[in-house]
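Written out below as structure tokens is the structure these notes cover.
In the UniProt record's numbering, the protein residues as written are 1 to 70.
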């Protein structure tokens with residue numbers, strides 16, 4: 001009986017600890033390697049038929065950084 005209870009508690013603790021470790025790892029990864037950079041924005045805007053100016057790209061990057069920090 002005690003073996004089953006101990007096994008279930010160990011399993012739940014392992015799942016919880018694994019979740020928090022994976023979450024922290026992904027937060028750090030996305031912080032260090034943002035999913036969109038300036039070059040990607042230029043390409044996306046060109047594909048949409050817009051001529052990307054540096055001012056517009058800087059505005060979009062600053063807006064994304066603000067949203068990412070929240």
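Even glycine gets a Cβ: it sits at the ideal position worked out from N, Cα and C.
Shown here, residue 40 sits in a helix according to DSSP, grouped into three states. Apart from the 5 residues on each side of it in sequence, residue 34 has no Cβ closer than 6 Å to any other Cβ in its chain. Straight-line spacing of the CA atoms in residue 19 and residue 25 works out to 10 Å.
Taking 8 Å as the upper bound for CB-CB distance, residue 52 and residue 45 are in contact here, some 4 Å apart. Going by DSSP, residue 62 is part of the alpha helix (DSSP H) stretching over 54-69.
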